[in-house]
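**Q**
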Amino acid sequence: MLLCNMNRRSYATDTTDDEWLILEPLFGKTIYGRPLRHSLREMVNAIYYQARTGCAWRLLPHDLPPYPAVCSRFRRWRDDGTWQRAHDELRRQLRVALGRQPEPTAGIVDSQSVRTGGKRGAVTATTRASK
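The sequence shown begins at 0 in numbering that gives the first Met the number 0 and counts up by one.
#1: Let me know if Q100 comes out buried or exposed under the rule of 16 or more other beta-carbons within 10 Å of its beta-carbon.
#2: Quick one: what's got a C-beta closer than 6 Å to Y48's C-beta in the same chain, skipping five residues either side?
#3: What three-state label does DSSP hand L37 in the structure shown?
#4: Taking L25 as the reference, which of V43, C70, G32, L35 has the closest Cα?
#5: May I have a chain-ordered list of the alpha helix (DSSP H) segments no shorter than 4 residues that lie completely inside the stretch 7 to 75?
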């Protein structure tokens, strides 16, 4: 039995229908044995809520899926690389939409040298000379 509370109030962190059309294939179907008790969309909404508000998992609102299920799903997706794959695919889609190559082709590394005043190792007014 899939539980999805569509009668709950909407949070600012909830995915829109258009966003979910893009995200749903990235999170895909579960490969684990048991059928889902909560919709993947509600799980993603709960994870987004926690990430945006910074609340503890135990303090998730009661109209979202229970925190043990949400926390467990987050960790599973983190550990199996689902979040990284979703991030990479969304970045590719954004780059293509902006007319760029799907993958970055160049990187810039900047470094700056800082000159010190005076001779290295010299005793200055800010350091004490040892006796």
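Glycine included, each C-beta is placed from N, C-alpha and C at the ideal position. Quick caveat, the model's predicted, so the values are computed rather than measured.
**A** The answer reads as follows:
#1: As a first step, residue 100 is located in the sequence shown; it is residue number 101 there, counting from the start. With a 10 Å radius around the Cβ and a threshold of 16 neighbouring Cβ atoms, Q100 comes out exposed.
#2: To locate residue 48, count along the sequence shown from 1; it is residue 49. Result list for Y48: Y10, T12, in chain order.
#3: Mapped onto the sequence shown, residue 37 falls at position 38. Just to set this straight, residue 37 is His in the shown sequence, not Leu. In the structure shown, H37 sits in a strand (DSSP, three-state: E or B).
#4: Along the sequence shown, read from residue 1 onward, the residue named residue 25 stands at position 26. The shortest Cα separation from L25 among V43, C70, G32, L35 belongs to V43.
#5: 16 to 26, 39 to 52
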